[in-house]
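The numbering of the sequence shown is the working numbering, which starts it at 1032 and goes up by one.
Where is the CB? At the ideal position from N, CA and C, for every residue including glycine.
Scroll down for the structure; my scribbles are underneath it.
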Amino acid sequence: MKFFIDTANLVDIKKAYKIGVLSGVTTNPSLVAKEGVKFEDRVEEILKEVPEVESVSAEVTPDALTAEEMIAQANELIKINNGDKNITIKLPMTLEGLEACRYLTKKGVKTNVTLIFTVNQALLAARAGATYVSPFLGRLDDISEDGVLLVAKIAELFRIHNMSAQIIAASVRHPDHVTRVAMAGAHIATVPFAVIEQLAKHPLTEQGMDKFAADWKKAVR
Ligand code: E4P
1032 MKFFIDTANL
1042 VDIKKAYKIG
1052 VLSGVTTNPS
1062 LVAKEGVKFE
1072 DRVEEILKEV
1082 PEVESVSAEV
1092 TPDALTAEEM
1102 IAQANELIKI
1112 NNGDKNITIK
1122 LPMTLEGLEA
1132 CRYLTKKGVK
1142 TNVTLIFTVN
1152 QALLAARAGA
1162 TYVSPFLGRL
1172 DDISEDGVLL
1182 VAKIAELFRI
1192 HNMSAQIIAA
1202 SVRHPDHVTR
1212 VAMAGAHIAT
1222 VPFAVIEQLA
1232 KHPLTEQGMD
1242 KFAADWKKAV
1252 R
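Next up, the structure:
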């Protein structure tokens, strides 16, 4: 399973990129709004910061409701990327979003269909040609449903039908989500930087380092 970072914060993106675990970035309107910057400018900055990742998701804005509006926005976003292929257009899981997905896929543009909460939505998005589908597990857990189970079912479905769409486990809230979606067959988990930090840490690692440091002081040199 690969890691994407789920943020529009440049500092966090740089930190994750530097440690070498990053295969992509996902953003959404809420994450961009939090940064207090112009959307297109931030997408451009992110693309420059992470030249070697496979995908940077930029979502069409929530006021683009028709396929035509979404495609028009996608065409502007693609221009920011100077022809590079890693920009990915994130589209909502609506009928209009699917229509835009099919159109963009035929044009060779990567797509990420977002706000997926059922297996059937994932199936439709994959059939519309989505490069990525994003089930939101944390938000399902929030309403007492099982987000990881949804990821497992989608992974099984894609395997049975030999579908090439990659599953991005999204709305990941903690390390246990990461382990469980990896075991469930997600191709990617998109996670905030705080979760990447949590994944790297263990109290016994810290204790072990302290003990090595203390013992090293006593060693003959
Ligand atoms: C994914 O692409 C979304 O940006 C994100 O994971 C949503 O997470 P949230 O439910 O924590 O807002």
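Range of the contiguous beta strand (DSSP E) that encloses residue i
i, result
"Ile-1174", "It is not in any beta strand (DSSP E) - Ile-1174 carries neither H nor E in the DSSP assignment."
"Leu-1053", "1053–1057"
"Ala-1200", "1197–1200"
"Pro-1166", "1163–1166"
"Asp-1207", "Note, Asp-1207: premise wrong, no beta strand (DSSP E); alpha helix (DSSP H) at 1206–1215."
"Lys-1141", "1141–1147"
Range covered by the alpha helix (DSSP H) that runs through residue i
i, result
"Ile-1227", "1224–1231"
"Pro-1082", "Here Pro-1082 belongs to no alpha helix (DSSP H), and DSSP marks it neither H nor E."
"Val-1063", "1060–1066"
"Pro-1234", "1234–1249"
"Leu-1126", "1126–1137"
"Leu-1155", "1150–1158"
"Asn-1106", "1098–1111"
Contact set for residue i: own chain, Cβ-Cβ below 6 angstroms, skip 5 residues either direction
i, result
"Ala-1161", "Cys-1132, Thr-1142, Val-1144 and Ala-1196"
"His-1218", "Gln-1197 and Ile-1198"
"Arg-1170", "Ser-1202"
"Phe-1070", "Val-1063"
"Met-1194", "Ala-1157"
"Arg-1204", "Gly-1169"
"Tyr-1163", "Asn-1143, Gln-1197 and Ile-1199"
Contacting residues, own chain, Cβ-Cβ under 7 angstroms from residue i (five flanking each side not counted)
i, result
"Ala-1223", "The sequence as given places Pro at residue 1223; Ala does not occur at that position. Asp-1037 and Thr-1038."
"Arg-1211", "Val-1179"
"Ala-1047", "Ile-1036, Leu-1053, Phe-1224 and Ile-1227"
"Ile-1044", "Ile-1036, Thr-1038, Val-1056, Ile-1077, Glu-1080 and Val-1081"
"Met-1101", "Val-1091, Ala-1095, Leu-1122, Glu-1127, Gly-1128 and Ala-1131"
"Pro-1093", "Pro-1060"
"Glu-1085", "Ser-1054, Gly-1055 and Asn-1117"
"Met-1124", "Val-1144, Thr-1145, Leu-1146, Ile-1147, Gln-1152 and Ala-1156"
Nearest-angstrom Cβ-Cβ length linking residue i and residue j, presumed shorter than 8 angstroms
i, j, result
"Ile-1077", "Val-1087", "6 angstroms"
"Val-1081", "Ile-1111", "Wrong, their Cβ atoms sit about 14 angstroms apart, outside the cutoff."
"Ala-1157", "Leu-1135", "With a Cβ gap of about 15 angstroms, Ala-1157 and Leu-1135 do not count as contacting."
"Ala-1220", "Ala-1200", "5 angstroms"
"Pro-1166", "Phe-1148", "7 angstroms"
"Ala-1244", "Ala-1215", "That belief does not hold up - the Cβ atoms of Ala-1244 and Ala-1215 are roughly 39 angstroms apart, past 8 angstroms."
"Ala-1213", "Met-1032", "4 angstroms"
"Pro-1206", "Leu-1181", "About 19 angstroms; that fails the 8 angstroms criterion."
Bridge partner(s) assigned by DSSP for residue i
i, result
"Ser-1088", "Thr-1057 and Thr-1119"
"Ile-1050", "Partner(s): none; Ile-1050 has no beta bridge."
"Asp-1037", "Thr-1057"
"Ile-1219", "Lys-1033 and Ile-1199"
CB contact check: residue i to chain D, cutoff 9 angstroms
i, result
"Leu-1235", "Annotation note: the requested chain D is absent from the structure, which comprises a single protein chain."
Spatial neighbours of residue i in its chain, beta-carbon cut-off 8 angstroms, leaving aside the 5 residues before and after
i, result
"Leu-1235", "none"
"Lys-1049", "none"
"Glu-1107", "Glu-1071"
"Ala-1103", "Ala-1095"
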